[in-house]
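Residue numbers (this note's numbering): 17 to 327.
The C-beta atom is built at its ideal place from N, Cα and C for all residues, glycine as well.
Written below as structure tokens is the structure these notes are about.
Encoded structure:
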């Protein structure tokens, strides 16, 4: 097998931002996407992630050259008990009896982060990095780009009702997916001249795979996130957006960690094809024009967004 890297870096104006969306166990698709990107000469100048995308993004920001391999070691070890310990029924009963605002103990996830992401502060990461969260009291997006990394990751992935909010700088922070599940807009506002989108897609179809109160809540967030990314994609009139394809043939729920390997493998195959197609966009080595390159999910392609598609 050839070890020559696919040349696409010259096609995207710098700085290049990698945007990693939220999606629970579907975050495994980002492993496949990053494995495909590692076979190219492209490297991120900025990384912005939400929820599971913030977790994968932190591994990428530690060392882009080894991130795909590190994530390939991590994902097979993640199961439901790491993220949703104890079960939803018992957790809901306990939360009701104790008048708690959340169902699941965040400590197993915190321990998992400590094991695989040993960096303590965001400033110590190799690549500039932002974790997206939501201010629970104001509903505004919060861009966490400094300070304690583990609390930033827990805040970015703190699904309301499922997990407790995280207090930072006097604010109660919860999952960034409420307001910026695929934070393309934030990447451009931070100076990115090109954006590579690693979207996780949505759970199931039309809520079919939602399970219980948490599953329904996550499905609601997924619906809102599709609206958000459709609006954010209007920045494609100013910058090129390389949108890697999202596998849609493997149904999953927020609690389903059984198919992560299959998701990663399918995402790898799809991303390789998309990146090879993008490489053919080269015209005498010149950077590509603004627009959307690749294959966003149908749920984010509105009539006006479709006008920005280049492929």
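Under the three-state reduction of DSSP output, residue 169 falls in the helix class. Around the Cβ of residue 215, a 10 Å sphere holds 16 or more other Cβ atoms; the residue is buried.
The C-alpha of residue 290 is placed about 19 Å away from the C-alpha of residue 19. If you draw a straight line from the Cα of residue 239 to the Cα of residue 22, it comes to about 35 Å. Secondary structure note for residue 156: it is in no beta strand (DSSP E), with a DSSP letter that is neither H nor E. Looking only at 316, 181, 194, 133, the smallest Cα-Cα distance to residue 246 is reached by 316. Sequence-distant Cβ neighbours of residue 264 in its own chain, meaning closer than 8 Å and more than five residues away, are 217, 313. Shown here, residue 261 sits in coil according to DSSP, grouped into three states, outside any helix or strand. Contact fails between the stretch 71-78 and the stretch 190-203, because fewer than three Cβ pairs, one in each stretch, are under 8 Å apart. Assigned with DSSP and collapsed to three states, residue 79 falls in coil, not helix or strand.
Restricting attention to 297, 292, 262, 307, the CA atom closest to the CA of residue 249 is found in 307.
Annotated three-state conformation of residue 124 is helix, per DSSP. Between residue 61 and residue 83, the CB-CB gap reaches or exceeds 8 Å. Per DSSP, the continuous beta strand (DSSP E) segment holding residue 190 begins and ends at 187-191. With a beta-carbon spacing of about 16 Å, residue 147 and residue 40 fall beyond the 8 Å limit used to define contacts.
With a cutoff of 8 Å on beta-carbon distance, residue 69 and residue 38 are scored as near each other.
Taking 8 Å as the cut-off, the Cβ atoms of residue 210 and residue 256 count as close.
Within the stretch 25-106, the complete alpha helix (DSSP H) segments at least 4 residues long are 44-53, 68-78, 83-90, 96-99, listed from N- to C-terminus.
Between residue 151 and residue 187, the CB-CB gap stays under 8 Å. Rounded to whole angstroms, the Cβ separation of residue 171 and residue 182 is 4 Å, and the two are in contact under 8 Å.
Within a 10 Å sphere around the beta-carbon of residue 282 sit 16 or more other beta-carbons, which makes this residue buried. Excluding its 5 nearest sequence neighbours in each direction, residue 54 has C-beta neighbours in its own chain below 7 Å: 84, listed in chain order. Rounded to the nearest whole angstrom, the C-alpha separation of residue 67 and residue 303 is 31 Å. As a beta-bridge residue in DSSP terms, residue 183 pairs with 188. When DSSP states are grouped into helix, strand and coil, residue 22 belongs to the strand group. With a beta-carbon spacing of about 7 Å, residue 58 and residue 28 fall inside the 8 Å limit used to define contacts.
About 5 Å separates the CB atoms of residue 237 and residue 193; that is less than 8 Å, so the two are in contact.
Residue pairing from DSSP places residue 150 in a beta bridge opposite 157, 190. At the C-beta level, residue 35 and residue 212 come within 8 Å of one another. Taking a 10 Å sphere around the C-beta of residue 127, we find fewer than 16 other C-beta atoms and assign the residue as exposed.
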